[in-house]
Structure formats: structure tokens, C-alpha cells
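Numbering (my numbering), first residue to last: 10 to 326.
Yeah, the Cβ is synthetic: ideal placement off N, Cα and C, and Gly gets one too.
The structure presented is a predicted model; accordingly, all values stated were derived computationally and were not measured.
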Amino acid sequence: MQAPVSRPLVSFIGIGNMGFGMMARLLEQGWPVQVCDIDSQRCADAAPLGATVRATPRELARAMPAGGLLVVAVVTADQCRDVLWGEPAEGTHGWGADAAAAHLQPGQTVMWCPTIAPDDVESMAQRLHAQGVHSIDAPMSGGPARARNGSMSLMVAGPDTVVQAHSEVLNALANPVFRLGERVGDGARTKLVNNLLAGINLVGAAEVLALADAMGLDLPRTLDVIDRSSGQSWIATDRMRRAIDGDLAPRAHMTLLTKDTRLANEAAAAAGFSGPLGARAAAVFHAACDHGLSELDDGAMLMFLQQYSSWQRSSVK
Numbered sequence: 010m011q012a013p014v015s016r017p018l019v020s021f022i023g024i025g026n027m028g029f030g031m032m033a034r035l036l037e038q039g040w041p042v043q044v045c046d047i048d049s050q051r052c053a054d055a056a057p058l059g060a061t062v063r064a065t066p067r068e069l070a071r072a073m074p075a076g077g078l079l080v081v082a083v084v085t086a087d088q089c090r091d092v093l094w095g096e097p098a099e100g101t102h103g104w105g106a107d108a109a110a111a112h113l114q115p116g117q118t119v120m121w122c123p124t125i126a127p128d129d130v131e132s133m134a135q136r137l138h139a140q141g142v143h144s145i146d147a148p149m150s151g152g153p154a155r156a157r158n159g160s161m162s163l164m165v166a167g168p169d170t171v172v173q174a175h176s177e178v179l180n181a182l183a184n185p186v187f188r189l190g191e192r193v194g195d196g197a198r199t200k201l202v203n204n205l206l207a208g209i210n211l212v213g214a215a216e217v218l219a220l221a222d223a224m225g226l227d228l229p230r231t232l233d234v235i236d237r238s239s240g241q242s243w244i245a246t247d248r249m250r251r252a253i254d255g256d257l258a259p260r261a262h263m264t265l266l267t268k269d270t271r272l273a274n275e276a277a278a279a280a281g282f283s284g285p286l287g288a289r290a291a292a293v294f295h296a297a298c299d300h301g302l303s304e305l306d307d308g309a310m311l312m313f314l315q316q317y318s319s320w321q322r323s324s325v326k
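The structure is reproduced here in C-alpha cells:
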């Protein structure tokens with residue numbers, strides 16, 4: 010009998026919707042995994058699957074093997090700076106001396122998976138580079154179910170030698186893995202371009218279905234037509250189908266595309282580009298959050314636009 014393949018330990022800071030799916034995927038594929046998260050329930054759910062739970066980022070970093078990979082799957086750049094350097098900000102835990110970076114060793118690698126500004130990825134990668142720690146800029150896309158089954162996408166930028174060293178785990182996590190070049194930050198740029206289009210498509214899909222509703226059309230049947238016609242988009246099919254069914258349990262909170270469309274517009278301004286749709290889509294997401302939908306799935310955009318006229322009238326008053 011052939012001996013089982015020995016795989017290196019993979020470390021995760023952040024096992025929310027996407028991070029948990031990625032972690033479970035690797036465990037299923039036979040990878041040893043250790044995790045750290047501020048949500049004790051997430052950690053409790055991870056342990057029976059075989060993950061080793063660490064109490065702090067520092068403890069997790071100190072247990073990493075030589076040349077090991079640390080996947081950072083939190084949400085914001087401020088949270089990245091907190092888990093790595095203990096720099097507190099609004100919406101962070103405030104890890105302080107229990108942060109990870111001081112305990113990382115030369116030759117280890119941090120993989121950045123959140124959707125954050127390119128400047129933030131670049132500056133954090135430079136800080137790690139100063140202590141000999143590598144970076145892979147690898148934002149993810151596809152949602153929790155695809156993270157769990159390995160069919161999500163990763164947009165990967167970083168030095169060829171570093172990416173190649175971790176290619177086996179990258180290919181276990183995602184299909185496809187898009188190789189974007191060696192410049193750290195280009196993963197973030199590509200993800201923002203993608204997510205701005207996702208935001209534009211979602212606002213557009215919700216608007217036309219709200220219009221269909223106002224016209225007295227059957228919404229499931231209308232979406233069936235769109236799904237097989239020129240108006241189809243993946244995010245419209247995924248989000249609007251659930252929204253029509255009244256299922257607004259958050260797979261992706263409204264706040265995420267609100268953040269992403271804002272960051273994309275900031276990146277556009279930095280590049281000297283101005284388009285007609287991106288800023289408008291960002292404004293609609295911001296308004297939906299202002300009307301109390303921030304903790305719902307972003308499919309709640311349909312409900313927001315169904316009530317948009319009345320909300321506009323009330324805001325004028």
C-alpha cells in the first residue's frame with residue numbers, strides 16, 4: 010500500500026463564510042490546518058472537522074512550520090493590520106502583543122484574501138518583506154459554497170518562486186487560479202474591477218425586477234427569461250432567485266459590496282478614471298445600508314428598490 014502524502018500545515022486567520030469553506034476544503038483534501046478567529050462559535054465548529062484551534066494570532070504564527078503559509082481571510086485592511094501588527098481601529102479586535110507578524114519567520118508566506126485597496130496590500134507586503142516574509146496577493150471570488158467545494162476563483166499576484174512554492178494548496182483551494190503577474194497589488198486591482206461590475210449588475214438586476222413587479226409581471230417567470238436571455242448575469246441569478254423567495258439570510262452581507270464598490274471607485278479616482286455607472290452603483294449600496302439593510306444578504310437590494318420611490322419621497326420630507 011502506498012504511504013499517504015504528507016502535506017504541510019496551512020494556517021488561517023479568519024474563518025468567516027469564505028475562510029471556513031476554504032478551511033473545510035483543505036481538511037477534506039487531507040491538509041493539516043490550524044485556525045484563529047475572534048468568533049468562538051466558528052472555532053468550535055472547526056475543531057470537530059479536524060482543525061487545530063489557536064487562541065491568538067501570535068500562538069498560531071509561532072506554530073507555523075518553516076516556509077509555511079498563513080492565509081489571512083478577514084474582511085478589511087484594518088483587520089489585516091490588527092491581526093498582523095496589533096494595530097487597533099474601529100471594527101477590529103485589538104490584538105496588540107498577541108498579533109502575528111512579530112512571530113513570523115523569514116521564508117514564510119502570508120496570502121492576502123480579502124477585498125481591500127491595492128495600496129493597503131502593497132504597504133503591508135512591504136512591511137513583511139522587511140523581515141523576510143513573502144506575500145501572495147490572492148483575493149477570492151465565488152461565495153461560500155464554491156469555497157467549500159474548491160470551485161471558487163483566486164486572483165493571484167506575487168513572485169513566481171513564492172507562488173510556485175504554494176501552488177499545490179492554491180490549486181486545492183480554487184479552480185480557476187488566475188495568475189496575474191508578479192506585482193503584489195494587481196490581485197486587489199483585478200478583484201475591485203470584478204466586484205464593481207458585480208455591484209453594477211446586482212443593482213441593475215434588482216431594478217429591472219422591481220420594474221417587472223410594478224408592471225404586474227410574475228417575478229420567477231421573468232427571472233427565468235432573463236436567465237436564458239441577454240440580460241443574464243451570475244450574480245442576478247444567484248441573488249435574485251433567493252430574494253424572490255424571501256430568503257435574505259446573509260451569505261454576503263450588503264456591507265461587503267458597499268465596501269467593495271467604494272474601494273473600486275477610490276481606485277478608479279487614483280487611476281484618473283471616471284465612468285458613469287460605478288459611482289451610482291456605490292451610492293445605491295450606501296443608501297440601502299442607510300435604510301437598515303446592512304445586515305441582510307445583498308439580495309435585499311430587490312426589496313430596497315421595490316420600495317425605492319417611497320423611501321425617496323420620505324427622505325425629501
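Where does Ala258 fall in DSSP's three states? In this structure, Ala258 counts as coil in the three-state DSSP scheme.
How should Thr170 be labelled, buried or exposed, when 16 other C-beta atoms within 10 angstroms of its C-beta is the threshold for buried? Exposed: under 16 other Cβ atoms inside 10 Å.
Selected residue, minimal CA-CA separation from Ala33, among Leu163, His262 and Ala156: When each option's Cα is compared against that of Ala33, the closest is Ala156.
Given 8 Å as the limit, is there contact between the region 175-189 and the region 247-265, that is, 3 or more CB pairs closer than that? Flag = no, the region 175-189 and the region 247-265 do not touch.
Check whether the region 265-284 and the region 190-206 are in contact - that is, three or more C-beta pairs closer than 8 Å. The region 265-284 makes contact with the region 190-206, as at least three CB pairs between them are under 8 Å.
What residue does the alpha helix (DSSP H) around Asp129 start on, and which one ends it? Taken as a continuous stretch (DSSP letters only), the alpha helix (DSSP H) holding Asp129 covers Pro127 to His138.
Looking at the strands, I want to know which residues DSSP matches up with Cys45. Answer is Ile22.
According to DSSP, what are the bridge partners of Ala166? Note: Ala166 is bridge-paired with Asp146 in the DSSP secondary-structure output.
Beta bridge counterpart(s) of Phe294 as assigned by DSSP: DSSP lists no beta-bridge partner residue for Phe294.
Can at least three beta-carbon pairs, one atom from the region 72-80 and one from the region 15-22, be found at a separation below 8 Å? They touch, by the three-pair rule.
If you run the structure through DSSP and keep just helix, strand and coil, what is Ala12? Since pLDDT at Ala12 reaches only 41, below the 50 mark, its modelled position is unreliable, and the value read off the structure follows with that caveat. Coil, per DSSP.
The beta strand (DSSP E) that contains Phe187, what's its start and end? Phe187: member of the beta strand (DSSP E) spanning Val186 to Arg188, first to last residue.
Per DSSP, which one or two residues make a beta bridge with Asp306? Asp306 pairs with His262.
Buried or exposed (CB count within 10 angstroms, at least 16 for buried), Val234: Exposed, since its Cβ has fewer than 16 Cβ neighbours within 10 Å.
If you check the beta carbons only, do Thr65 and Asp107 fall under 8 Å apart? In this structure, Asp107 lies closer than 8 Å to Thr65 by Cβ.
Once the 5 residues before and after Ile47 are set aside, which same chain residues still bring their CB inside 8 Å of it? Non-local beta-carbon contacts of Ile47 in its own chain, meaning distances under 8 Å to residues more than five positions away in sequence, involve His102 in chain order.
How should Leu220 be labelled, buried or exposed, when 16 other C-beta atoms within 10 angstroms of its C-beta is the threshold for buried? It counts as exposed.
Within the 8 Å Cβ cut-off, does Ala64 reach chain C? This model lacks chain C altogether, as it is built from one protein chain only.
Inter-residue Cα distance where the pair is Gly95 and Leu113: Those two C-alpha atoms are separated by around 14 Å.
Would you please state the rounded distance, in angstroms, between the beta carbons of Met31 and Leu182? I believe it to be under 8 Å. Indeed, because the Cβ distance is near 6 Å, the residues count as touching under 8 Å.
Among Ala110, Ala82 and Gln316, whose alpha-carbon lies nearest the alpha-carbon of Met133? Check the Cα spacing between Met133 and each of Ala110, Ala82 and Gln316: the tightest is with Ala110.
Out of Val44, Met310 and Ala86, which has the shortest C-alpha to C-alpha gap to Ala214? Minimum Cα distance to Ala214 is reached at Met310.
Validate contact between the region 301-315 and the region 259-266 using beta carbons, cut 8 Å, 3 pairs: Verdict: yes, contact present.
Starting from Trp121, trace the alpha helix (DSSP H) in both directions and tell me its first and last residue. From DSSP, Trp121 is part of no alpha helix (DSSP H) but of the beta strand (DSSP E) over Thr118 to Trp121.
What are the start and end residues of the alpha helix (DSSP H) that includes Leu69? According to the DSSP assignment, Leu69 belongs to the alpha helix (DSSP H) that extends over Pro66 to Arg71.
Continuous beta strand (DSSP E) stretch holding Val81: start and end: Leu78 to Val81 is the span of the beta strand (DSSP E), which, as asked, contains Val81.
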